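Colleague:
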């Protein structure tokens, strides 16, 4: 069988590649085994958002069926430890008649037993990942009970014998005065600069200017060709890096904000995750253990409080006036018009002019594994701009229908009721007083009454739905006057779903109108 052979390689981190060229070695083995095009990723196996793997799937779909002979990789855990993603990948390869081959494992996807064995191995890899996460969590819990430091230390510190120590490693020397700075001295210079300029952004500018650092980002490979190695490309650790980080010291306002608020600088150790608000990274004060390394403090508690006070008072920073909560008034209502999946908030950005957070919704199927083509986000402001005029038009139409006289004396009964009435007429024509016939007539009457009662309830619900829409949206200003909770309840009472495609509302499904 002839056809193209493609490969896939993955390594967990840049550190493994830099220290042992682990990814480059994988790629060399795949090329020696006949792969002419190799896709690669540097990501944890539990991470399903991989550009290389997604480009591989896209490439397979774009090729003629039968033109690709097989995909090769070193081990099954190089692909994924998620059984759902593995099944999706396998279905794509099966549809295009592409075989799977592991260089270090006996992989049989042709037989039922082989599929079962492979699935078990993928599930075992997923279980191993979860167990590792559990062990890390337990270890952090033990470290907290014993007031031990984290494994990862902030800039200016090192971990020595389970204690935080100021890092006295020389890191930079100025050319003019030949002054050498250690990491802890440089960290203190950052703090002093912040107190002088009282702004994260200006601190970053001052430091980068002082050390002559240019914050230019450059790419070694263009976006289209990143995560792909073709037959003529030279294999090296440089090539496997899709983007190069900024050279030199390179401070940013966001990085300084995160670093200066770290309790470790003031002698405390946090044992919690920061509250997930990227505009105001706040540590939970009740989860901070203080006085864990008093003799190795970069700043005092008074200086830390001063840093927090400056941040609160500095209105030029957009995050300072960000609301603390996100009002998701469209929860469970937004659905993708292509795949039917739900749309969730993927990010929120603060708009200073509006003094509010703007949330952006995206198809969750696309966001998780790129299996849907509806990738464009839609903001809550854009949803409101499109939805409210539609609801106002609906309210106007319903109000017109309500004012029209009802000339129809009888509402057409469902076919089910008509059939039951026909049976009832036939039973009443039977002569005599048979108890079984009387019981059957009573049973049919109960069925008819039940069906008609359900229709009346539906009509009553229809009337309530109409009244809600007419009352709320006959006046467009009413929507602007109510709070977020009332908006959420109102939409849930009127709508079943809002279908979105390519950043536009394409259909609105009402509950009862």
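In the UniProt record's numbering, the protein residues as written are 1 to 513.
The C-beta atom is built at its ideal place from N, Cα and C for all residues, glycine as well.
A quick note: this is a predicted structure, and the numbers were derived from the prediction, not measured.
Using DSSP with H/G/I as helix, E/B as strand and the rest coil, what is residue 50?
Modeller: Position 50 of the chain shown holds residue 50. Residue state, collapsed to three classes: coil.
Colleague: Could you tell me the boundaries of the alpha helix (DSSP H) in which residue 418 lies?
Modeller: As a position in the chain shown, residue 418 is number 418, starting the count at 1. 415 to 428 is the span of the alpha helix (DSSP H), which, as asked, contains residue 418.
Colleague: Taking only runs of the beta strand (DSSP E) that begin and end inside the stretch 139 to 221, which ones reach a length of at least 3 residues, in chain order?
Modeller: Runs of the beta strand (DSSP E) inside the stretch 139 to 221: 157 to 160, 163 to 166, 170 to 173, 180 to 182.
Colleague: Taking the continuous beta strand (DSSP E) assigned at residue 105, which residues delimit it?
Modeller: Looking up residue 105 in the chain shown gives position 105. Segment: none, residue 105 is in no beta strand (DSSP E) and carries neither H nor E.
Colleague: Under DSSP, the alpha helix (DSSP H) around residue 230 begins and ends at which residues?
Modeller: For this step, residue 230 is matched to residue 230 along the chain shown. Here residue 230 belongs to no alpha helix (DSSP H); instead the beta strand (DSSP E) covers 228 to 230.
Colleague: Quick check: the Cα distance between residue 118 and residue 107, rounded to an integer number of angstroms?
Modeller: Looking up residue 118 in the chain shown gives position 118. Looking up residue 107 in the chain shown gives position 107. Cα-Cα distance, rounded: 7 Å.
Colleague: In terms of alpha-carbon separation, which member of 290, 252, 445 lies closest to residue 149?
Modeller: Stepping through the chain shown from its first residue, residue 149 is reached at position 149. Selected option, being the one with the closest Cα: 290.
Colleague: Tell whether a beta-carbon distance below 8 Å holds between residue 182 and residue 190.
Modeller: Position 182 of the chain shown holds residue 182. Position 190 of the chain shown holds residue 190. Contact flag unset, no.
Colleague: Determine which residues share a DSSP beta bridge with residue 501 and list them.
Modeller: Counting from 1 along the chain shown, the entry for residue 501 is found at position 501. According to DSSP, which records beta bridges pairwise, residue 501 is partnered with 504.
Colleague: How many angstroms separate the CA atom of residue 327 from the CA atom of residue 348?
Modeller: Counting from one through the chain shown, the residue named residue 327 turns up at place 327. Counting from one through the chain shown, the residue named residue 348 turns up at place 348. Between residue 327 and residue 348, the C-alpha separation is close to 11 Å.
Colleague: Taking the straight line between their C-alpha atoms, what separation do you get for residue 247 and residue 380?
Modeller: Here residue 247 is taken as the residue at index 247 of the chain shown, counted from 1. Here residue 380 is taken as the residue at index 380 of the chain shown, counted from 1. For residue 247, the predicted structure reports a pLDDT of 40, less than 50, and the residue's modelled location is therefore unreliable. The matter cannot be settled from this model.
Colleague: Classify residue 293: buried if its beta carbon has 16 or more other beta carbons within 10 angstroms, exposed otherwise.
Modeller: Residue numbering aside, residue 293 sits at position 293 when the chain shown is read from its first letter. The residue in question, residue 293, is buried, as its Cβ has 16 or more Cβ neighbours within 10 Å.
Colleague: Kindly identify the DSSP beta-bridge partner or partners of residue 7.
Modeller: Translated into positions along the chain shown, residue 7 becomes position 7. Looking at the DSSP assignment, residue 7 forms a beta bridge with 38, 72.
Colleague: Under 8 Å between the Cβ atoms of residue 369 and residue 112?
Modeller: If you number the chain shown from 1, residue 369 lands on position 369. If you number the chain shown from 1, residue 112 lands on position 112. Contact flag unset, no.
Colleague: Residues in its own chain within less than 7 Å of residue 497 by CB, not counting five upstream and five downstream?
Modeller: Numbered from 1 along the chain shown, position 497 holds the residue referred to as residue 497. For residue 497, where only same-chain residues beyond five positions count, the Cβ hits under 7 Å are 333, 335, 509.
Colleague: Going by DSSP, what residue range makes up the alpha helix (DSSP H) through residue 29?
Modeller: Within the chain shown, numbered from 1, the residue matching residue 29 stands at position 29. Unbroken alpha helix (DSSP H) run through residue 29: 22 to 32.
Colleague: With a 10 Å radius around its C-beta and 16 neighbouring C-beta atoms as the bar for buried, classify residue 318 as buried or exposed.
Modeller: For the purposes of this step, residue 318 is taken as residue 318 along the chain shown, with counting starting at 1. Any answer about residue 318 is weak, because its pLDDT of 49 lies below 50 and its placement is not dependable; what the coordinates show is given next. Residue 318 is exposed by the Cβ-count criterion.
Colleague: Between the stretch 305 to 315 and the stretch 164 to 178, are three or more C-beta pairs nearer than 8 Å?
Modeller: Flag = no, the stretch 305 to 315 and the stretch 164 to 178 do not touch.
Colleague: Do the CB positions of residue 23 and residue 9 come within less than 8 Å of each other?
Modeller: To locate residue 23, count along the chain shown from 1; it is residue 23. To locate residue 9, count along the chain shown from 1; it is residue 9. For residue 23 and residue 9, yes; Cβs fall inside 8 Å.
Colleague: Should residue 196 go down as buried or exposed, given a rule of 16 or more other Cβ atoms within 10 Å for buried?
Modeller: Looking up residue 196 in the chain shown gives position 196. The residue in question, residue 196, is exposed, as its Cβ has fewer than 16 Cβ neighbours within 10 Å.
Colleague: Could you pull the DSSP bridge partners for residue 363 from this structure?
Modeller: Walking along the chain shown from the start, residue 363 turns up at place 363. Bridge partners of residue 363: 343.
Colleague: Taking residue 494 as part of the alpha helix (DSSP H), name the residues at either end of that continuous run.
Modeller: Along the chain shown, read from residue 1 onward, the residue named residue 494 stands at position 494. From DSSP, the alpha helix (DSSP H) with residue 494 extends over 484 to 494.
Colleague: In angstroms with no decimal places, state the Cα-to-Cα distance between residue 114 and residue 72.
Modeller: As a position in the chain shown, residue 114 is number 114, starting the count at 1. As a position in the chain shown, residue 72 is number 72, starting the count at 1. Whole-angstrom Cα-Cα distance: 17 Å.
Colleague: Taking only the alpha-carbon atoms, compute the straight-line gap between residue 135 and residue 287 and give it to the nearest angstrom.
Modeller: Counted from its first residue, the chain shown places residue 135 at position 135. Counted from its first residue, the chain shown places residue 287 at position 287. Their backbone Cα atoms lie some 20 Å apart in a straight line.
Colleague: Should residue 310 and residue 198 be called a contact, given that it needs their Cβ atoms to be closer than 8 Å?
Modeller: Residue 310 sits at position 310 when you count from the first residue of the chain shown. Residue 198 sits at position 198 when you count from the first residue of the chain shown. A contact, by the Cβ cut-off of 8 Å.
Colleague: What is the DSSP secondary structure of residue 270, counted as helix, strand or coil?
Modeller: Counting from 1 along the chain shown, the entry for residue 270 is found at position 270. Here residue 270 sits in strand by DSSP.
Colleague: Expressed to the nearest angstrom, what Euclidean distance is found between the alpha-carbon atoms of residue 131 and residue 352?
Modeller: By 1-based counting over the chain shown, the position of residue 131 is 131. By 1-based counting over the chain shown, the position of residue 352 is 352. Using only the alpha carbons, I get a separation of about 44 Å.
Colleague: State the Cα-Cα distance for the pair residue 254 and residue 266, rounded to the nearest angstrom.
Modeller: Against the chain shown, residue 254 aligns to sequence position 254. Against the chain shown, residue 266 aligns to sequence position 266. Residue 254 and residue 266: Cα-Cα distance of roughly 20 Å.
Colleague: What span of residues does the beta strand (DSSP E) with residue 334 cover, start to end?
Modeller: By 1-based counting over the chain shown, the position of residue 334 is 334. Start and end: 334 to 336.
Colleague: Please state whether DSSP places residue 516 in a helix, a strand or coil.
Modeller: A query on residue 516 cannot be resolved here, the shown segment of the chain reaching from 1 to 513 and no further.
Colleague: Look up residue 510 in the DSSP assignment and give the residues it is bridged to.
Modeller: Here the question's residue 510 lines up with position 510 in the chain shown. Residue 510 is bridged to 495.
Colleague: Just the Cα atoms here: how many angstroms apart are residue 116 and residue 388?
Modeller: As a working note, residue 116 is residue 116 in the chain shown. As a working note, residue 388 is residue 388 in the chain shown. Distance between the alpha carbons of residue 116 and residue 388 is about 52 Å.
Colleague: With a 10 Å radius around its C-beta and 16 neighbouring C-beta atoms as the bar for buried, classify residue 482 as buried or exposed.
Modeller: Within the chain shown, numbered from 1, the residue matching residue 482 stands at position 482. Label assigned to residue 482: exposed.
Colleague: Given this structure, state the Cα-to-Cα distance separating residue 435 from residue 444, to the nearest angstrom.
Modeller: As a position in the chain shown, residue 435 is number 435, starting the count at 1. As a position in the chain shown, residue 444 is number 444, starting the count at 1. Rounded to the nearest angstrom, the two C-alpha atoms are 14 Å apart.
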